[in-house]
Amino acid sequence: MTDSRFYITTSIAYANNRPGLHTLYEVVGADVLARWHRMNGTPTRFLTGTDEHSVNIAMRAADQGRTPRDFVDEQVSLFRAAEDALGIRPDRFIRTTDPDHVRSAQEMVRRAYANGDIYVGTYEGWYCPSEGFRNATDVVETARGTICPNHPEVPLQWLTERNWFFRLSAYQERLERWFADEPHAVQPEYRRNEMLGFIRSGLEDFSISRAGAGWGIPFPILPDGSSAQRPDGTWDPEAGTIYVWYDALINYITGAGFPDDPESFARWWPADVHVIGKDIARFHTIFWPAMLWSAGLKAPRRVWIHGWLLAAGERMSKSRGNFMDPLDFTRAFGSDGARYAVLREVPFDRDADVSWDAFVRRYNADLANDFGNLVNRTVTMAGRFLDGRRPAPRPAAGSPLGAGWDDALAAYAAALDGCLLSDALAALWAFVGDANRFVDAEAPWALAKAARGGDTGAADRLEAVLGDLVEACRLVGLAVAPFMPETAPRIAAQLGHAYTYGPDGNGGPPIAAELRWGARMAETGRLGAPVPLFPRLETDAAVAD
RNA sequence: GGCGGAGUAGCUCAGUGGUAGAGCAGGGGACUCAUAAGCCCUUGGUCGGUGGUUCAAAUCCGCCCUCCGCUACCA
44 MTDSRFYITT
54 SIAYANNRPG
64 LHTLYEVVGA
74 DVLARWHRMN
84 GTPTRFLTGT
94 DEHSVNIAMR
104 AADQGRTPRD
114 FVDEQVSLFR
124 AAEDALGIRP
134 DRFIRTTDPD
144 HVRSAQEMVR
154 RAYANGDIYV
164 GTYEGWYCPS
174 EGFRNATDVV
184 ETARGTICPN
194 HPEVPLQWLT
204 ERNWFFRLSA
214 YQERLERWFA
224 DEPHAVQPEY
234 RRNEMLGFIR
244 SGLEDFSISR
254 AGAGWGIPFP
264 ILPDGSSAQR
274 PDGTWDPEAG
284 TIYVWYDALI
294 NYITGAGFPD
304 DPESFARWWP
314 ADVHVIGKDI
324 ARFHTIFWPA
334 MLWSAGLKAP
344 RRVWIHGWLL
354 AAGERMSKSR
364 GNFMDPLDFT
374 RAFGSDGARY
384 AVLREVPFDR
394 DADVSWDAFV
404 RRYNADLAND
414 FGNLVNRTVT
424 MAGRFLDGRR
434 PAPRPAAGSP
444 LGAGWDDALA
454 AYAAALDGCL
464 LSDALAALWA
474 FVGDANRFVD
484 AEAPWALAKA
494 ARGGDTGAAD
504 RLEAVLGDLV
514 EACRLVGLAV
524 APFMPETAPR
534 IAAQLGHAYT
544 YGPDGNGGPP
554 IAAELRWGAR
564 MAETGRLGAP
574 VPLFPRLETD
584 AAVAD
């Protein structure tokens, strides 16, 4: 993205339960992309949050003898604590209960109405209180009656409701044109094809209101088209509430300033990337653009659909109970270790099996052994052989490591642009491997011994080799800062370099200039103490799943 | 059922016509700056099955088997 700003969002988490790593995975990934753009000097807005309205949530709250608001407040605090532990720094944490979001959703309904895209119809079908509407082909007939396969203990209800519907059918042609004109708007490619296939199979209208559900955003229009707002400012309950997508999806524009702050909205919309899970791809790539067009707004520039975390081949989920607690994870791996492990282990474009042991192996191999040890041996050798004075690197052309850096960085940056976070790390770690091999090839300890014996050629070479290694550590440590924002300043400190980026990645110089080989070679400095960055973990250090 | 994708070393995967690859895990070795890390070497695969095309197929074509994704209204 070469635009003057970068707006990235995640899906908003359903605030019905404590958070799992499989939910926060997406937010960590988006946080990395946000930090990368912030460090590049691009004004960046990163939005994440929670989805808090539903009959299910109201029921759970009632079961506990609490108000829905009280219930979701507690869930949200758990999400925020877990995100904080993972180093996630959104520019705004949006809640669908926020007052400006309520106004935003209602305004979108009004615009759809004004554009003739919503109408009162009748919805009929099975309704599972735990899951929402069930398609007739999804329910199961048993001796006890019709049940929801996912919630057999919860009685299904046959619903007949007068609801508002959105005229999605009117947007089929425009959606097909959008997919054709903007081939990179939906990624990865195979998801795009699935969505395109869905569009071509024909689009039906969908319902956007619920009657009689109290915990939701008041539907702003009565069936006759008049406002549902009463003179005292309250809303006529007969109008019902806004149902799901005209509530949840709207958060992306609320977070950009719609409708209260037109100036902000003009600046930030359309979003550069919506990062979402594959289970809600259709709503984001088909419903959402149509809803926006109906309101006279632009579709998002890109929707990135990531895969799921699997445990033994099964999707991690709260209902299955096979998910990892993010706080267990960060306690064992550290915030940065957790971020690295999950984003390296799971390709951002498809599902992947994960396990505690696999994360430990990845952490030990990549962080403790390869990179952490590289920094540690470099700082130790330079400290000991050069009395703590930081050696300068050779010019890139004269250094095996310097000559390879540009390609490594280019591969890293290209992968980040393509949202392929695991590939980005792999590209950087190939360079880390080069650096470790370089150490053994040059054997600085042997050069130091020769230098002590009076060999001035060896002394010069020692200086050059260690200078290259210090520079390699500086570059990798800085480049990987979006993934490991706490470790980056610790590396800089050990290398005697300043680190001027803030805790969210804002504030420093554009990273591109800093990531040139030798960018700081003219500066002198002293090395810090060699403190191991990533202590090795034992495979049986902890048990979790 | 329809459309799409995948089956390659113990694990995760790369490889789209020309003598089977990487990382991790396992084994051995030399070194010693380092978090018993790093480096070097190495065990290991009838490339899902089968029939074709070709001088030559993991790679192209047919058929079969297995697995996965999408196939509408989750919050």
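Just so we're aligned: 404 in the working numbering is position 361 of the first sequence, and the numbers increase by one with no gaps anywhere.
Cβ atoms here follow ideal geometry from the backbone N, Cα and C, with glycine treated the same way.
Give the straight-line distance between the Cα atoms of residue i and residue j, rounded to the nearest whole angstrom.
| i | j | result |
| --- | --- | --- |
| D127 | A73 | 14 Å |
| Q200 | P261 | 23 Å |
| A271 | P525 | 47 Å |
| A324 | W288 | 12 Å |
| L239 | P313 | 21 Å |
| E529 | E306 | 34 Å |
| G63 | V229 | 26 Å |
| Y406 | L265 | 57 Å |
| D7 | R132 | For the chain, the structure presents residues 44 to 588; residue 7 sits outside this window and is missing. |
| F122 | E225 | 34 Å |
| P302 | A446 | 51 Å |
| N83 | A77 | 10 Å |
| E514 | Y542 | 14 Å |
| I161 | V197 | 32 Å |
| A454 | G168 | 51 Å |
| A584 | D400 | Summary for A584: the model assigns pLDDT 41, below 50, so the residue's position carries little reliability; its value from the coordinates is reported in the next sentence. Cα-Cα distance, rounded: 10 Å. |
| A467 | A486 | 29 Å |
| P369 | P343 | 30 Å |
| R153 | P263 | 7 Å |
| D450 | I534 | 22 Å |
| V574 | A375 | 18 Å |
| N236 | R387 | 26 Å |
| L129 | F308 | 29 Å |
| R220 | N419 | 55 Å |
| Y50 | V523 | 21 Å |
| T139 | F249 | 21 Å |
| T421 | F114 | 52 Å |
| Q149 | R109 | 27 Å |
| R48 | A494 | 52 Å |
Judging by CA-CA distance, which residue of the options is the nearest neighbour of residue i?
| i | options | result |
| --- | --- | --- |
| L464 | H327, T499, R393 | R393 |
| F89 | A104, N416, E69, A101 | E69 |
| P86 | N60, T567, G550, V346 | G550 |
| W472 | D449, A381, V519, Q537 | V519 |
| I242 | S250, Y286, I285, H327 | H327 |
| E566 | L202, L538, A440, M424 | L538 |
| A125 | N99, T66, E167 | T66 |
| N60 | D477, R81, S47, M102 | M102 |
| A333 | E216, P575, L417 | E216 |
| G259 | W488, D141, I534, V346 | D141 |
| D430 | R81, L505, A439, R358 | L505 |
| Y166 | Y286, N99, D116, R517 | Y286 |
| E256 | D371, E281, L417, H540 | Here the sequence assigns Ala to residue 256, which means Glu is not the residue at that position. Checking every option, the nearest Cα to that of A256 belongs to E281. |
| I554 | A536, A531, G571, A572 | A531 |
| A470 | K492, G545, A457, H540 | A457 |
| N158 | Y170, R205, R210 | R210 |
May I ask you to list the residues that DSSP assigns as paired with residue i?
| i | result |
| --- | --- |
| S250 | F208 |
| Y136 | Per the sequence shown, residue 136 should be read as Phe rather than Tyr. According to DSSP, F136 bridges with T91. |
| A56 | T93 |
| E357 | A354 |
| I348 | I319 |
| Q200 | Y170 |
| Y50 | R88 |
Report, in whole angstroms, the separation of the C-beta atoms of residue i and residue j, which I expect to be a contact under 8 Å.
| i | j | result |
| --- | --- | --- |
| S660 | E247 | Nothing can be reported for residue 660: it is not among the residues displayed for the chain, which extend from 44 to 588. |
| S442 | P434 | At roughly 12 Å, the Cβ-Cβ gap does not stay under 8 Å, so S442 and P434 are not in contact. |
| I293 | M527 | Not a contact, Cβ separation roughly 34 Å. |
| V385 | V71 | 6 Å |
| A338 | A104 | That belief does not hold up - the Cβ atoms of A338 and A104 are roughly 32 Å apart, past 8 Å. |
| L509 | M564 | About 13 Å; that fails the 8 Å criterion. |
| D94 | Y57 | 5 Å |
| V397 | V389 | 6 Å |
| R253 | T284 | 5 Å |
| G380 | L417 | Actually they do not touch by this definition, with Cβ atoms about 16 Å apart. |
| W336 | Y214 | 7 Å |
Could you tell me whether any non-hydrogen atom of the ligand FAD is closer than 8 Å to the CB of residue i?
| i | result |
| --- | --- |
| G130 | The ligand FAD is not part of this structure, which contains no ligands at all. |
**OP:** Would you list, in sequence order, the uninterrupted beta strand (DSSP E) runs of no fewer than 3 residues that lie entirely inside the region 107 to 164?
**Re:** Counting only unbroken stretches of 3 or more residues, the beta strand (DSSP E) elements lying wholly within the region 107 to 164 are 135 to 138, in sequence order.
Subject >> In chain order, each alpha helix (DSSP H) run of at least 4 residues that lies wholly inside the region 222 to 294 >> reply: Fully contained in the region 222 to 294 are the following alpha helix (DSSP H) runs of length 4 or more, in chain order: 232 to 243, 288 to 291.
**OP:** Report the residue ranges of all alpha helix (DSSP H) runs contained in full by the region 516 to 582; include only those spanning at least 4 residues, in chain order.
**Re:** Listed in chain order, the complete alpha helix (DSSP H) runs (minimum 4 residues) inside the region 516 to 582 are 530 to 538, 554 to 557.
Subject >> Ordered list of beta strand (DSSP E) runs contained in the region 349 to 418, each at least 3 residues >> reply: Every beta strand (DSSP E) of 3 residues or more that sits fully in the region 349 to 418 is shown, in chain order, as 352 to 354.
Original post:
Which ranges would you report for the alpha helix (DSSP H) in the region 419 to 503 if only whole runs of at least 4 residues count?
Top reply: If one requires a minimum length of 4 residues, the alpha helix (DSSP H) runs lying completely within the region 419 to 503 are 443 to 460, 464 to 485, 487 to 495, in chain order.
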